[in-house]
């Protein structure tokens, strides 16, 4: 049973470009979470999605960031017009249920904005 | 507001000794706690969890203790090995919310 998969593992973008990060949850998991981690810091919650629904996006910046989890295919975290401050590791986690279910993490995507 | 924090940012132990990593939380309504291990360049790895109706849970070489009176969580690692070197995060979930709140992390160094 494959774990949570994320791609790309490393992504380099120039300021103003768009970044698309993908996450495929574990088989049988219908809940996806996105987190951001700066070096030497903890993970900060961004958004929680179920299939076709955003349940909690209280950690998402109001502008330039969006997330989706379509009926078919992976979850996508999209960052438009990236700035240097967006450079970070972005982790996706999935769980079989929602609240109070153990979340299993992917290997992350390391975004570098030049 | 909610917060989960750690008492010790770094911990250095001798191989074979026991390690104790501590964590404080402030939301008394939280009902689920998790410890994660994160090695360099990797995603957090689930170690052990505990729900608020318990005060102790044991796994393989790890034990989590929950003291709800003082809102304190600890992770004990028995016979620490070099492979245990990593950053350890406590996390808090539940309490009516969906997000998992992570502490800042403790870096564990295991000396051979």
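Protein chains in written order, with the working numbering: chain W, 11 to 124; chain P, 265 to 376. For every residue, glycine included, the Cβ atom is placed at its ideal position computed from N, Cα and C.
Please confirm whether residue i has its beta-carbon closer than 8 Å to some beta-carbon of chain W.
i	result
residue 301 of chain P	no
residue 297 of chain P	no
residue 281 of chain P	no
residue 319 of chain P	no
residue 272 of chain P	At residue 272 of chain P, the pLDDT of 46 sits below 50, so the modelled position is not reliable and the matter cannot be decided from this model.
residue 348 of chain P	no
residue 364 of chain P	yes
residue 373 of chain P	no
residue 293 of chain P	no
residue 335 of chain P	no
Where residue i and residue j are concerned, what is the direct C-alpha to C-alpha distance, given to the nearest angstrom?
i	j	result
residue 276 of chain P	residue 62 of chain W	45 Å
residue 119 of chain W	residue 365 of chain P	20 Å
residue 321 of chain P	residue 330 of chain P	9 Å
residue 46 of chain W	residue 100 of chain W	5 Å
residue 123 of chain W	residue 97 of chain W	6 Å
residue 278 of chain P	residue 376 of chain P	6 Å
residue 350 of chain P	residue 304 of chain P	7 Å
residue 112 of chain W	residue 81 of chain W	22 Å
residue 293 of chain P	residue 26 of chain W	42 Å
residue 29 of chain W	residue 71 of chain W	15 Å
residue 31 of chain W	residue 21 of chain W	9 Å
residue 49 of chain W	residue 324 of chain P	30 Å
residue 92 of chain W	residue 79 of chain W	21 Å
residue 345 of chain P	residue 307 of chain P	20 Å
residue 368 of chain P	residue 38 of chain W	30 Å
residue 281 of chain P	residue 341 of chain P	9 Å
Given a threshold of 16 other Cβ atoms within 10 Å of its Cβ, counted over all protein chains shown, does residue i qualify as buried or as exposed?
i	result
residue 348 of chain P	buried
residue 68 of chain W	exposed
residue 265 of chain P	With a pLDDT of only 35 at residue 265 of chain P, under 50, the local geometry of the prediction cannot be trusted, and the value read off the model is given with reservation. Residue 265 of chain P is exposed by the Cβ-count criterion.
residue 274 of chain P	exposed
residue 41 of chain W	buried
residue 105 of chain W	buried
residue 313 of chain P	buried
residue 14 of chain W	buried
residue 317 of chain P	exposed
residue 290 of chain P	exposed
Tell me whether the beta-carbon of residue i lies closer than 8 Å to the beta-carbon of residue j.
i	j	result
residue 121 of chain W	residue 24 of chain W	no
residue 372 of chain P	residue 298 of chain P	no
residue 55 of chain W	residue 301 of chain P	no
residue 19 of chain W	residue 117 of chain W	yes
residue 43 of chain W	residue 102 of chain W	yes
residue 370 of chain P	residue 352 of chain P	yes
If we define contact as Cβ-Cβ less than 8 Å, is residue i a contact residue for chain C?
i	result
residue 100 of chain W	The chain inventory of the structure shown lacks chain C, comprising the protein chains W and P.
Please report whether the beta-carbon of residue i lies at a distance below 8 Å from any beta-carbon of chain P.
i	result
residue 27 of chain W	no
residue 62 of chain W	no
residue 117 of chain W	yes
residue 38 of chain W	no
message: Ignoring anything shorter than 3 residues, give me the beta strand (DSSP E) runs that lie fully in the region 277-365 of chain P, in order along the chain.
response: 283-289, 296-302, 309-315, 320-322, 326-331, 336-341, 350-357
query: Taking only runs of the beta strand (DSSP E) that begin and end inside the region 33-106 of chain W, which ones reach a length of at least 3 residues, in chain order?
result: 41-47, 53-60, 63-66, 75-78, 85-89, 98-105
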